[in-house]
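A.B. asks:
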Amino acid sequence: MKNPYLPELATITKIIEETPNIKSFQVVFNDHEKMKTFKFEPGQVGQLSVFGVGESTFVINSPPTRMEYLQFSVMKVGEVTTALHELHEGDQIGVRAPLGNWFPYEEMKGKNILFIGGGIGLAPLRTLILFMLDNRKDYEDITIIYGARTPPDLCYKDDLKEWESRPDVNLILTVDNEYPGWDKRTGFVPTVLNEVAPKPDNTIAITCGPPIMIKFVLQNLVKLNFKDDQIITTLEKRMKCGIGICGRCNIGSKYVCKDGPVFSLAQLKDLPPDL
Amino acid sequence: MTELGFLKKENLVEFLKELATKSVVYVPVADDDVVAFKLFQENSTICLDRPANIPPKTVIFPQYETLLTFTFSKKEEQPDKIDVKIQEKMDFKDTVIFAARPCDAKGFTVYDRVYKDSDIPDPYYVGRREKTVIIGFSCPNVSPGCFCTAVGSTPSDKEGSDILMTEVSGGFVLEPVTEKGKAVIQSKFIEDGSKYLEEAQKKQEDVKNKVKNPFKKAGKPQISQEKFNDDSFWELALSKCLSCGACTFLCPTCYCFNITDENKIWEAERLRSWDACMFPHFTLEASGHNPRPTKFHRFKNRVGHKFLYYPEKYNGVLACCGCGRCIRYCPVSVDISKVVDELSDTNSENKTLTSNGGEA
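These protein sequences, in sequence, are chains A and B.
Read in order, the letters of the first sequence are residues 1 to 275 in my numbering.
Read in order, the letters of the second sequence are residues 276 to 635 in my numbering.
In structure tokens:
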């Protein structure tokens, strides 16, 4: 019987400082065979172990179409994330992955895709964005609305630069307030969504960000006439086991770690409002 | 499997001693006011006349256990690199739980669906579960707060037990339920028990009829979604709750846990320990956000899990065995059976309960 609690040993090959409190970690399994055969879907998550400190859940934010490494982005907020931030390239961590469900990218083929992200909430969207850009012909218009508190708080600055320059991506950036040198939009993401007012026709909207942002983005999408099954979000919860047992990430009968993290608004409406 | 055995009362200790030569044997032991399952010793004060305060879930799902150990090492030529070796800690012994009340034995079947029969089984639980024989004990009497018959069970329910033991005059009738149970009564202390069958059945029936049903209507409680989602209901029902979590720790079906690391410089352990959905920290996220911020949200989740969410996943089976501990030992007398009764939909017909707590 496979032990679902047993992490795979991995080495950090690169650390990227995304923002003052977010770092991305590129990791490879120590077992090269495992690295070659490892399969996952965009949107799935993994548990990272700092041995002797603990485990925490992060989305794999590099796409399955680019398998040189697995990338995880970590905001320094708690015990495990602080310990992760203290690690260096070459250090050993544990990885339990893949866990959970994924974005229904097959059903999204032939559709316009609207990504709405806030802060580190761009991480799971990044996986799908890169996956779709690697399969660009399968999807129609790709629009990305992304915001953070200040310009230095925007994640994946290299990706943003590339997406901005691509004719087949419509990138809309915003920060909460005016900032020296910032000449793009200001305002919260839900407000900018209203200003941009994307059309719901043949479109799937995918959103991730802080719970309060998700709440208002969902409301505004409904006001923009998006139907519940056209709206997809990916949730975060405190998780421990990652296999739907330990009991803390449930919303009603669904476990975010196993039945999620990806849910449509239609699915969420059937569950208690414990976001 | 109807080959009944009979164990004379005066042979009980000898029988247990015999079991203890092959297995680790846990028995309900009275220590002052508290009855708990402890390792059998010849002088153990075995208590059969009242249910244990703490259910025997501790035997298969210990309060804390080591899942993994990590050993760290360094090589002289690479002073900046620390290597890690991971070891699984799995060492499970043949075990017997003696005289588990039927509600407690049934509690393990609630665990089984989640920990054993799932698509991702838990090897620590399965390891212990498969090596454990459960000798159930038909309740000889009813305790305050017991309501097993209202949730589809009986004080002589066989589900979860490998053998069901019923006290009769002069001893115990032993009815094997599984092959595992059958093997255990192959003992020189066990005689043919067929002539005691009638007495055992009468005893079981008598006790069953004494269990009170706290619900106004018979059948499986149908929770009204409207009442369940009404915050003011929970605020009223739960105003006195202390969030102490006693109800969860004493519950034979509560199975939530935490995983934490203990670091000892050159080695570390990954531990699993019981946790409780009644604690504020259980769902508190590092950002400060808490999806279940108040005791009302948390109790609603607990009741929801036992009477709605678990049944939704497992063919209507309730995750409550009616042992009554959460009612007996709640320091401020929150009564889950009353809460469920008040939540019940008075307009709809109750469905018939099946013996496994599911619906017909």
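Every residue gets a Cβ at the ideal spot worked out from N, C-alpha and C, and that includes glycine.
All of these numbers come straight from a predicted model, not from anything done at the bench.
How would you list, in chain order, the residues of chain B whose beta-carbon sits under 7 Å from the beta-carbon of A/Gly52?
C.D. replies: The count along the first sequence starts at 1 and reaches residue 52 of chain A at position 52. Those within 7 Å of A/Gly52 in chain B are Phe345, Asp536, Asn538 and Ala543.
A.B. asks: Per DSSP, which one or two residues make a beta bridge with B/Trp549?
C.D. replies: Here the question's residue 549 of chain B lines up with position 274 in the second sequence. Answer is B/Phe532.
A.B. asks: Could you please give the first and the last residue of the uninterrupted beta strand (DSSP E) stretch that includes B/Asp355?
C.D. replies: For the purposes of this step, residue 355 of chain B is taken as the residue at position 80 of the second sequence. Run containing B/Asp355: Gln353 to Glu363, per the beta strand (DSSP E) assignment.
A.B. asks: Can you find the residues in the same chain that come closer than 6 Å, C-beta to C-beta, to A/Ala266, ignoring five residues on each side of it along the sequence?
C.D. replies: The residue you call residue 266 of chain A lines up with position 266 of the first sequence. Only Asp228 and Asp229 meet the Cβ criterion.
A.B. asks: Are the C-beta atoms of B/Met276 and some chain A residue less than 8 Å apart?
C.D. replies: Indexing the second sequence from 1 puts residue 276 of chain B at position 1. Note on B/Met276: pLDDT 49, under 50, position unreliable in the model; the coordinate value appears next. No - not a single Cβ of chain A is within 8 Å of the one on B/Met276.
A.B. asks: What in chain A is Cβ-close to B/Phe557, meaning under 7 Å?
C.D. replies: Taking the first residue of the second sequence as position 1, residue 557 of chain B is located at position 282. Residues of chain A passing the Cβ test: Arg248.
A.B. asks: If you run the structure through DSSP and keep just helix, strand and coil, what is B/Cys595?
C.D. replies: Translated into the one-based positions of the second sequence, residue 595 of chain B becomes position 320. Note: B/Cys595 maps to coil in three-state DSSP.
A.B. asks: Go ahead and pull the three-state DSSP assignment for B/Ile409.
C.D. replies: Residue numbering aside, residue 409 of chain B sits at position 134 when the second sequence is read from its first letter. Strand.
A.B. asks: Determine which residues share a DSSP beta bridge with A/Asn172 and list them.
C.D. replies: The residue given as residue 172 of chain A occupies position 172 in the first sequence. According to the sequence provided, residue 172 of chain A is Ile. The question's Asn does not apply to it. Per DSSP, A/Ile145.
A.B. asks: Can you find the residues in the same chain that come closer than 7 Å, C-beta to C-beta, to B/Thr441, ignoring five residues on each side of it along the sequence?
C.D. replies: Taking the second sequence and counting its residues from 1, the one referred to as residue 441 of chain B is at position 166. Only residues of its own chain outside the window of five on either side were considered, and among them Ser413, Ser431, Phe447, Val448, Ala475, Lys478 and Gln479 have a CB closer than 7 Å to the CB of B/Thr441, listed in chain order.
A.B. asks: For the beta strand (DSSP E) containing A/Asn112, name the first residue and the last one.
C.D. replies: In the first sequence, residue 112 of chain A corresponds to position 112, counting from 1. Start and end: Asn112 to Gly118.
A.B. asks: By the 10 Å Cβ neighbour count, where 16 or more other Cβ atoms means buried, how is A/Gln47 classified, buried or exposed?
C.D. replies: Your numbering for residue 47 of chain A matches position 47 in the first sequence. Burial check for A/Gln47: the Cβ neighbour count within 10 Å reaches 16 or more, so the residue is buried.
A.B. asks: Quick one: what does DSSP say A/Leu268 is sitting in, helix, strand or coil?
C.D. replies: Translated into positions along the first sequence, residue 268 of chain A becomes position 268. Reduced to three states, the DSSP call for A/Leu268 is helix.
A.B. asks: So for A/Leu9, helix, strand or coil by DSSP?
C.D. replies: Sequence index remark: in the first sequence, residue 9 of chain A carries index 9 (1-based). DSSP places A/Leu9 in strand when its eight states are reduced to three.
A.B. asks: Note down the Cα distance separating A/Val192 from A/Thr174, rounded to an integer number of angstroms.
C.D. replies: For the purposes of this step, residue 192 of chain A is taken as the residue at position 192 of the first sequence. For the purposes of this step, residue 174 of chain A is taken as the residue at position 174 of the first sequence. Cα to Cα, the separation comes out at about 8 Å.
A.B. asks: Just by C-beta distance, which residues in the segment 219-238 of chain A are closer than 8 Å to chain B?
C.D. replies: Listed by position along the chain: Glu236, Lys237 and Arg238.
A.B. asks: Taking just the CA atoms, how far does B/Glu560 sit from B/Asp366?
C.D. replies: Here residue 366 of chain B refers to the residue found at position 91 of the second sequence. Here residue 560 of chain B refers to the residue found at position 285 of the second sequence. B/Glu560 has its alpha-carbon roughly 34 Å from the corresponding atom of B/Asp366.
A.B. asks: Starting from the beta carbon of A/Asn101, find every residue of chain B whose beta carbon is closer than 9 Å, and list them in chain order.
C.D. replies: Counting from one through the first sequence, the residue named residue 101 of chain A turns up at place 101. Correct list: empty, because the minimum Cβ distance to chain B is about 13 Å.
A.B. asks: From A/Phe25 to A/Lys36, what distance separates their C-alpha atoms?
C.D. replies: Locating residue 25 of chain A in the first sequence gives position 25, where the first residue counts as 1. Locating residue 36 of chain A in the first sequence gives position 36, where the first residue counts as 1. Each residue's Cα considered, the two are about 19 Å apart.
A.B. asks: Find out if the Cβ-Cβ distance for the pair A/Ser73, A/Cys155 is shorter than 8 Å.
C.D. replies: As a position in the first sequence, residue 73 of chain A is number 73, starting the count at 1. As a position in the first sequence, residue 155 of chain A is number 155, starting the count at 1. For A/Ser73 and A/Cys155, yes; Cβs fall inside 8 Å.
A.B. asks: Buried or exposed for B/Met276, please, with buried defined as at least 16 other CB atoms from any protein chain shown within 10 angstroms of its CB.
C.D. replies: Locating residue 276 of chain B in the second sequence gives position 1, where the first residue counts as 1. Caution applies to B/Met276, whose pLDDT of 49 falls short of 50 and renders its modelled position unreliable; the model cannot decide the point.
A.B. asks: Taking 8 Å as the threshold (C-beta atoms), are B/Ile395 and A/Pro4 in contact?
C.D. replies: By 1-based counting over the first sequence, the position of residue 4 of chain A is 4. By 1-based counting over the second sequence, the position of residue 395 of chain B is 120. Cβ atoms of A/Pro4 and B/Ile395: closer than 8 Å.
A.B. asks: Mind reading off the beta-carbon distance from A/Ile204 to A/Lys269? Whole number of angstroms is fine, and I expect it under 8 Å.
C.D. replies: Stepping through the first sequence from its first residue, residue 204 of chain A is reached at position 204. Stepping through the first sequence from its first residue, residue 269 of chain A is reached at position 269. With 8 Å as the limit, A/Ile204 and A/Lys269 do not qualify as a contact, their Cβ atoms being about 17 Å apart.
A.B. asks: Could you check whether B/Ser548 and B/Gln362 sit closer than 8 Å to each other, using their CB atoms as the reference points?
C.D. replies: Counting from 1 along the second sequence, the entry for residue 362 of chain B is found at position 87. Counting from 1 along the second sequence, the entry for residue 548 of chain B is found at position 273. The answer is no: Cβ separation not under 8 Å.
A.B. asks: Go through its chain and collect everything with a Cβ distance to A/Gly147's Cβ below 6 Å, but skip five positions before and after it.
C.D. replies: As a working note, residue 147 of chain A is residue 147 in the first sequence. Taken in chain order, the residues that qualify are Gly118, Thr174 and Val189.
A.B. asks: Should B/Met553 be labelled buried (16 or more other beta-carbon atoms within 10 Å of its own) or exposed?
C.D. replies: For the purposes of this step, residue 553 of chain B is identified with residue 278 of the second sequence, where counting begins at 1. So B/Met553 ends up on the buried side.
A.B. asks: Give a yes or no on whether the C-beta atoms belonging to A/Lys237 and A/Cys249 are separated by under 8 Å.
C.D. replies: Here residue 237 of chain A corresponds to residue number 237 of the first sequence, with the count starting at 1. Here residue 249 of chain A corresponds to residue number 249 of the first sequence, with the count starting at 1. Annotated as proximal: A/Lys237 and A/Cys249, with beta-carbon spacing under 8 Å.
A.B. asks: Suppose the cutoff is 7 Å on Cβ atoms and the five residues either side in sequence are ignored; what does the same chain contact list for B/Lys364 look like?
C.D. replies: Sequence index remark: in the second sequence, residue 364 of chain B carries index 89 (1-based). Within the same chain, Thr341, Leu342, Leu343 and Thr344 come within 7 Å of B/Lys364 by CB-CB distance, once the 5 residues on both sides are set aside.
A.B. asks: Report all residues from its chain with a CB closer than 6 Å to the CB of B/Arg545; omit the five preceding and five following residues, and keep chain order.
C.D. replies: Translated into positions along the second sequence, residue 545 of chain B becomes position 270. Counting only Cβ-Cβ distances below 6 Å, and skipping sequence neighbours, we find Leu342, Leu343 and Asp536.
A.B. asks: Are any of the Cβ atoms in chain B nearer than 8 Å to that of A/Val77?
C.D. replies: One-based indexing of the first sequence puts residue 77 of chain A at position 77. Taking Cβ atoms only, chain B reaches closer than 8 Å to A/Val77, which makes this a yes.
A.B. asks: According to DSSP, is A/Val196 helix, strand or coil?
C.D. replies: What you label residue 196 of chain A is simply residue 196 of the first sequence in a count that begins at 1. Helix at A/Val196.
A.B. asks: Using a Cβ-Cβ cut-off of less than 9 Å, give me the residues of the segment 20-39 of chain A that come near chain B, in sequence order.
C.D. replies: For the segment 20-39 of chain A, the set of residues with a beta-carbon nearer than 9 Å to any beta-carbon of chain B is empty.
A.B. asks: Hey, does B/Val359 have any beta-carbon neighbour from chain A nearer than 8 Å?
C.D. replies: Position 84 of the second sequence, counting from 1, holds the residue named residue 359 of chain B. At least one beta carbon of chain A lies nearer than 8 Å to the beta carbon of B/Val359.
A.B. asks: What's the call for B/Asn533, buried or exposed, on a 16-neighbour Cβ count within 10 Å?
C.D. replies: The residue given as residue 533 of chain B occupies position 258 in the second sequence. With 16 or more other Cβ atoms within 10 Å, it is buried.
A.B. asks: Buried or exposed for B/Pro566, going by 16 or more other Cβ atoms inside 10 Å?
C.D. replies: The sequence position of residue 566 of chain B within the second sequence is 291, counting from 1. B/Pro566 should be labelled buried.
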